[in-house]
Amino acid sequence: QKEVEQNSGPLSVPEGAIASLNCTYSDRVSQSFFWYRQYSGKSPELIMSIYSNGDKEDGRFTAQLNKASQYVSLLIRDSQPSDSATYLCAVFSRGYSTLTFGKGTMLLVSP
Amino acid sequence: DTAVSQTPKYLVTQMGNDKSIKCEQNLGHDTMYWYKQDSKKFLKIMFSYNNKELIINETVPNRFSPKSPDKAHLNLHINSLELGDSAVYFCASSQDSSGRSSVFFGEGSRLTVL
Numbered sequence: 001q002k003e004v005e006q007n008s009g010p011l012s013v014p015e016g017a018i019a020s021l022n023c024t025y026s027d028r029v030s031q032s033f034f035w036y037r038q039y040s041g042k043s044p045e046l047i048m049s050i051y052s053n054g055d056k057e058d059g060r061f062t063a064q065l066n067k068a069s070q071y072v073s074l075l076i077r078d079s080q081p082s083d084s085a086t087y088l089c090a091v092f093s094r095g096y097s098t099l100t101f102g103k104g105t106m107l108l109v110s111p
Numbered sequence: 112d113t114a115v116s117q118t119p120k121y122l123v124t125q126m127g128n129d130k131s132i133k134c135e136q137n138l139g140h141d142t143m144y145w146y147k148q149d150s151k152k153f154l155k156i157m158f159s160y161n162n163k164e165l166i167i168n169e170t171v172p173n174r175f176s177p178k179s180p181d182k183a184h185l186n187l188h189i190n191s192l193e194l195g196d197s198a199v200y201f202c203a204s205s206q207d208s209s210g211r212s213s214v215f216f217g218e219g220s221r222l223t224v225l
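Written out as structure tokens, the structure is:
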């Protein structure tokens, strides 16, 4: 069974700090990795996708992928109160043809 | 223009009733999905269609029947509703089913079964 694990949190960080969100996955042939943000009562919104080992940066967000360790992370620099949300890690595995989501990590950024 | 739109946004109904949720995407995508998000916020795939063909059918009771009249539409019909069906149902779409294209979600339809 394909699993995606995340710490449910909440992860509390002060405004301006770096928030680090982590995700592990069980399927070694996973090929695509996504981070979504979901505000309470809203739909998931895509933040980043990453396909290759290493770092990918987009504004204040950096996704990191380590396929050998089956680990993907999301760093949010200069965290803002508006970043407070649940962050969902999603993994696509060849042969399964859809995303498997983790249960999400709640991030709280305090002013 | 909403990219993935679903209606209705809210349904409140009694056990045993039948209900439908409609979904349309105007992105020109080939692949559409139905996800269920339960009270614990766990988002789980139910069905996936690629060019109107069913490609994924997870372990979902056969009371749930998806229908895709064309690749821009994927509707969900639920028969004999049960209390455990209460959840938020999200429709989503992606360019294709390769895994390299991003999945975009509709706003969700909150179903409450009394």
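Just so you know, the protein sequences line up as chains A and B, in that order. Quick note: the numbering used here has the first sequence finishing at residue 111, numbered continuously throughout. Quick note: the numbering used here has the second sequence finishing at residue 225, numbered continuously throughout. Think of the CB as a built atom: it goes at the ideal place given N, C-alpha and C, for glycine as much as any other residue.
Under 8 Å between C-beta atoms of residue i and residue j
i              : j              : result
Y102 (chain B) : A203 (chain B) : There is no way to answer for residue 102 (chain B), as the model of chain B reaches only from 112 to 225.
G102 (chain A) : V4 (chain A)   : yes
I76 (chain A)  : F92 (chain A)  : no
I189 (chain B) : D181 (chain B) : no
P111 (chain A) : F216 (chain B) : no
K130 (chain B) : T118 (chain B) : no
V109 (chain A) : Q70 (chain A)  : no
R37 (chain A)  : A90 (chain A)  : no
M126 (chain B) : L187 (chain B) : no
Q64 (chain A)  : D58 (chain A)  : no
S208 (chain B) : N137 (chain B) : no
Chain A within 8 Å of residue i, Cβ atoms only
i              : result
E218 (chain B) : yes
F175 (chain B) : no
G139 (chain B) : no
S208 (chain B) : yes
I189 (chain B) : no
I167 (chain B) : yes
V171 (chain B) : no
S213 (chain B) : yes
Residue i: first and last residue of the uninterrupted beta strand (DSSP E) it sits in
i              : result
L88 (chain A)  : A85 to S93
S32 (chain A)  : S30 to Q38
Y96 (chain A)  : Segment: none, Y96 (chain A) is in no beta strand (DSSP E) and carries neither H nor E.
Q117 (chain B) : V115 to T118
V199 (chain B) : A198 to S205
F61 (chain A)  : F61 to N66
N186 (chain B) : H184 to I189
Q136 (chain B) : K130 to Q136
R221 (chain B) : S220 to V224
T124 (chain B) : Y121 to T124
CA-to-CA distance, residue j to residue i, given in whole angstroms
i              : j              : result
N128 (chain B) : L154 (chain B) : 24 Å
W35 (chain A)  : I47 (chain A)  : 6 Å
L88 (chain A)  : A17 (chain A)  : 20 Å
S159 (chain B) : N7 (chain A)   : 27 Å
K178 (chain B) : D83 (chain A)  : 37 Å
G9 (chain A)   : S40 (chain A)  : 15 Å
D78 (chain A)  : V13 (chain A)  : 10 Å
Q193 (chain B) : S176 (chain B) : Note on residue identity: the sequence assigns Glu, not Gln, to residue 193 (chain B). Computed Cα separation, rounded: 15 Å.
K42 (chain A)  : M143 (chain B) : 19 Å
Q148 (chain B) : P172 (chain B) : 16 Å
E218 (chain B) : T24 (chain A)  : 27 Å
Y200 (chain B) : S52 (chain A)  : 31 Å
S116 (chain B) : L99 (chain A)  : 20 Å
M157 (chain B) : K67 (chain A)  : 27 Å
L185 (chain B) : S150 (chain B) : 24 Å
P214 (chain B) : E169 (chain B) : Checking the displayed sequence, the identity of residue 214 (chain B) turns out to be Val instead of Pro. Whole-angstrom Cα-Cα distance: 18 Å.
Cβ of residue i within 8 Å of any chain B Cβ
i             : result
Q31 (chain A) : yes
S43 (chain A) : yes
S26 (chain A) : no
Assumed close pair residue i, residue j - CB separation to whole angstroms, cut-off 8 Å
i              : j              : result
V29 (chain A)  : I50 (chain A)  : The Cβ separation is near 16 Å, so there is no contact.
A198 (chain B) : E135 (chain B) : The Cβ separation is near 21 Å, so there is no contact.
G210 (chain B) : S32 (chain A)  : 4 Å
L11 (chain A)  : L74 (chain A)  : Between L74 (chain A) and L11 (chain A) the Cβ distance is about 11 Å, and since that is not below 8 Å, they are no contact.
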